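*Asks:* Chain order of the listed sequences is A and B.
Going by our numbering, the residue at position 134 of the first sequence is 166; the numbering climbs one at a time, nothing skipped.
Going by our numbering, the residue at position 205 of the second sequence is 237; the numbering climbs one at a time, nothing skipped.
2 protein chains.
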Amino acid sequence: MSYSAENDARLLERYPLLRELPATRFSELFANAGVMRLPMGTVIFDENQPCQGFPLLLAGSVRVIKSAPNGRELQLYRVGAGESCILTSSCLLGHSNYRARGVVEQDVEMVVLSPAAFRALMADSAPFRDFIFGLFAERLTDLMELVSAVAFQKLDQRLAALLVSRPNPLRTTHQALADELGSAREMVSRLLKGFAEQGWLRLGREQIEIIDPTALRRFSEL
Amino acid sequence: MSYSAENDARLLERYPLLRELPATRFSELFANAGVMRLPMGTVIFDENQPCQGFPLLLAGSVRVIKSAPNGRELQLYRVGAGESCILTSSCLLGHSNYRARGVVEQDVEMVVLSPAAFRALMADSAPFRDFIFGLFAERLTDLMELVSAVAFQKLDQRLAALLVSRPNPLRTTHQALADELGSAREMVSRLLKGFAEQGWLRLGREQIEIIDPTALRRFSEL
DNA sequence: TACGCTCTGTGATTTTTGTTACAGACACCC
DNA sequence: GGGTGTCTGTAACAAAAATCACAGAGCGTA
């Protein structure tokens, strides 16, 4: 299997909707679109930067964050393979610049569509449009929930919710959790200690093992 | 001028993009779409409610809010004439229910498009699609800024920003401002008193007169 | 004018969150 | 094994925001 054909296969696997395109159209769009690889920590885009193109993620994940002048940050959402950074569509369609930062969380492989190709697809592929709209809709509701959580929920509840929403032995640092919540590391440490004392989880270096997810979930929904 | 023709004229005035439609298509869509009038305070939609149709605002404004179980609320954004509640598009396109509440702020007149008509328009009118995408993009960035403000800015700065963003002698109650910020009335009263002592504004019953908008703006951007 | 209503002012107190400042624990590398 | 850097625990403190509890002001109206 040739290199390019392999890429095409992966692309179609991740983005089944692209099968709807006539073969000639497909190769026309992706003929010269190489796969881009970005290691963890790469800043894909940043605030007030114009938009270069539209990424289709084949593997990896990206954190989209807002960061405050004092160094604190807050995660707006996460983009995984098969999704696409809707913020980019927003830039491309709204003709504005980025208003957040995108950082590679797990090594990314992606194909980047030129703005022109993106617009063309939007114009004449109904499935692609639906896909983009669906993502938009999802992000919008996610963001509304996020605003609501930040405004009304206490940090302990938000932390509990975050913990149960992630893989179980969770390998991460307190600082990373704080950055996801938009808070400070000490707060997270304190709260985690509290949870541990309740017997809800066990703590280790860069490791959180949840023992009683039910209790945590109940607490988060209080 | 007949009643219906007058409505059509107003609709086209508010939504110039509809002029792009062939006349037959236009009348087909809006033939039986009467103008709906809703007085202040009406709850147009609410959380977990399915979506009835797509509104095109001719006049008035709608506050889209999240409300907490303890009675506090927070405004997500405002929808004015010529705009449209993007949340509704989100529902219609994402097939989900509303995740916020819409309340009429100033008496509303609107035309409601059926879900079917909305989908049809999306499918075959490029200008309409662009319009909707533009609104989506705008809301998305607005919401991101809101999250950022709620997470990182102090209440006094947010209040200052809110004040300068509104018509000058501002006629409203402290409670209404608190609801817009997602905070409590007492906080707003206290902070306003502080601003008044700085000589930045003058307070009256249901009235705030800004004297020094520059100082307020500078403070809000601190 | 007297009553009732909503709106505002304000102090006291509590809760929640953030900050500062270290000390110890652990992991990796030489 | 010792040094170095990151990660975690924790206490004391400061700041911001929320809550409670009223008093009084302004306004419409009976």
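Heads up, the beta-carbon is just placed ideally off N, CA and C, and yes, glycines get one too.
No experiment lies behind these values; they were computed from the predicted model shown.
Determine the contact status of S122 of chain A and S128 of chain A, defining contact as a CB-CB distance below 9 Å.
*Replies:* It is a contact, given that the beta carbons lie within the stated cut-off.
*Asks:* Taking Cβ to Cβ, would you say R104 of chain A is nearer than 9 Å to F86 of chain B?
*Replies:* Contact flag unset, no.
*Asks:* The region 168-193 of chain B: which residues have C-beta closer than 8 Å to a C-beta of chain A, in chain order?
*Replies:* Here the close residues are F168, A169, E170, R171, L172, T173, L175, M176, E177, L178, V179, S180, V182, A183, F184.
*Asks:* Anyone know if the C-beta pair for A210 of chain A and S252 of chain A falls short of 9 Å?
*Replies:* No, they are not a contact pair.
*Asks:* Would you verify that the beta carbon of C83 of chain A is, or is not, closer than 9 Å to some beta carbon of chain B?
*Replies:* For C83 of chain A, the answer is no, since every Cβ of chain B falls outside 9 Å of its Cβ.
*Asks:* Skipping 5 residues on each side, what residues in its chain have a beta carbon closer than 6 Å to that of F168 of chain B?
*Replies:* Hits under 6 Å: I118.
*Asks:* Between G112 of chain A and chain B, is the shortest Cβ-Cβ distance under 9 Å, so that the two count as touching?
*Replies:* False, the Cβ-Cβ gap to chain B never drops below 9 Å.
*Asks:* With DSSP as the reference, please indicate the residues paired to V135 of chain A in a beta bridge.
*Replies:* Answer by DSSP bridge pairing, in chain order: A:V75, A:R95.
*Asks:* Which residue comes first and which comes last in the alpha helix (DSSP H) that contains L119 of chain A?
*Replies:* Per DSSP, L119 of chain A belongs to the alpha helix (DSSP H) from 118-126.
*Asks:* Looking at chain B, is there any beta carbon in it that lies within less than 9 Å of the beta carbon of S34 of chain A?
*Replies:* Confidence in S34 of chain A is poor, its pLDDT being 47 and thus under 50, which makes the residue's placement unreliable; the coordinate value appears in the next sentence. Judged by the 9 Å Cβ criterion, S34 of chain A is not in contact with chain B.
*Asks:* Tell me, which residues are paired with S239 of chain A by DSSP?
*Replies:* Strictly speaking, residue 239 of chain A in this sequence is Gln, with Ser absent from that position. For Q239 of chain A, which the question treats as bridged, DSSP gives the partners A:G236.
*Asks:* Alpha carbons only, please: which of A:G73, A:E170, A:L233, A:L88 is nearest the one belonging to L49 of chain A?
*Replies:* The shortest C-alpha separation from L49 of chain A is found at A:L88.
*Asks:* State the start and end residues of the unbroken alpha helix (DSSP H) segment that holds R250 of chain A.
*Replies:* Note, R250 of chain A: alpha helix (DSSP H), 245-252.
*Asks:* Below 7 Å on C-beta distance, what does G165 of chain B contact in chain A?
*Replies:* Here residue 165 of chain B is Phe; the residue named in the question, Gly, does not match the sequence. Near F165 of chain B (Cβ distances below 7 Å), the residues of chain A are L125.
*Asks:* In this structure, how does DSSP classify Q185 of chain B when only helix, strand and coil are distinguished?
*Replies:* Residue state, collapsed to three classes: coil.
*Asks:* Given a cut-off of 9 Å on the beta-carbon distance, is the pair V179 of chain A and L172 of chain B in contact?
*Replies:* Contact flag unset, no.
*Asks:* At a CB-CB cut-off below 9 Å, which residues of chain B make contact with S128 of chain A?
*Replies:* A169, E170, T173, listed in chain order.
*Asks:* Taking 9 Å as the threshold (beta carbon to beta carbon), is M154 of chain B in contact with chain A?
*Replies:* Closer than 9 Å: yes.
*Asks:* Taking C-beta to C-beta, are G92 of chain B and V140 of chain B nearer than 9 Å?
*Replies:* Going by C-beta atoms, G92 of chain B is nearer than 9 Å to V140 of chain B.
*Asks:* Within 8 Å: the Cβ of D244 of chain A and any heavy atom of the ligand ADP?
*Replies:* The model on display carries no ligand, and the ligand ADP is accordingly not part of it.
*Asks:* Could you tell me the boundaries of the alpha helix (DSSP H) in which L213 of chain B lies?
*Replies:* From DSSP, the alpha helix (DSSP H) with L213 of chain B extends over 206-213.
*Asks:* At the level of alpha carbons, what is the spacing between R217 of chain B and A155 of chain A?
*Replies:* About 48 Å.
*Asks:* Inspect the beta-carbon positions of L70 of chain A and S157 of chain A and report whether they are closer than 9 Å.
*Replies:* No, Cβ-Cβ distance for L70 of chain A and S157 of chain A is not below 9 Å.
*Asks:* Please name the residue or residues paired with P87 of chain A in a DSSP beta bridge.
*Replies:* In the DSSP output, where bridge partners are listed per residue, P87 of chain A has A:V144.
*Asks:* Tell me whether the beta-carbon of R51 of chain A lies closer than 9 Å to the beta-carbon of K98 of chain A.
*Replies:* Taking 9 Å as the Cβ cut-off, R51 of chain A and K98 of chain A do not qualify as a contacting pair.
*Asks:* Run through chain B and tell me which residues come within less than 9 Å of R104 of chain A, C-beta to C-beta.
*Replies:* Simply A183, F184.
*Asks:* Under a CB-based cut-off of 9 Å, is D244 of chain A close to chain B?
*Replies:* Answer no: the Cβ-Cβ gap between D244 of chain A and chain B never drops below 9 Å.
*Asks:* Mind checking if R42 of chain B is an interface residue toward chain A, Cβ cutoff 9 Å exclusive?
*Replies:* Judged by the 9 Å Cβ criterion, R42 of chain B is not in contact with chain A.
*Asks:* Between the Cα of F160 of chain B and those of A:L125, A:L191, A:Q138, A:V144, spot the shortest distance and give me the residue it belongs to.
*Replies:* Measuring from the Cα of F160 of chain B, the nearest candidate turns out to be A:L125.
*Asks:* Along chain A, in chain order, which residues have C-beta atoms closer than 9 Å to that of K98 of chain B?
*Replies:* Neighbours of K98 of chain B on chain A, chain order: M176, E177, V179, S180, A183, F184.
*Asks:* Whose C-alpha, out of B:E137, B:R198, B:R57, is nearest the C-alpha of F150 of chain B?
*Replies:* Considering only alpha carbons, the answer is B:R57.
*Asks:* Below 8 Å on C-beta distance, what does G214 of chain B contact in chain A?
*Replies:* What G214 of chain B touches in chain A: A183, F184.
*Asks:* Beta carbon of L44 of chain B, beta carbon of A152 of chain B: below 9 Å?
*Replies:* No, they are not a contact pair.
*Asks:* Could you tell me which chain A residues have their CB closer than 8 Å to the CB of S122 of chain B, listed as they occur along the chain?
*Replies:* Per Cβ cutoff of 8 Å: F168, A169, L172, T173.
*Asks:* Could you list which residues in chain B have their beta carbon closer than 7 Å to that of A158 of chain A, in chain order?
*Replies:* Near A158 of chain A (Cβ distances below 7 Å), the residues of chain B are A155.
*Asks:* So L223 of chain B contacts chain A; which residues on that side make the cut at Cβ distance below 7 Å?
*Replies:* By Cβ distance, chain A contributes nothing, its closest Cβ being about 17 Å from L223 of chain B, past 7 Å.
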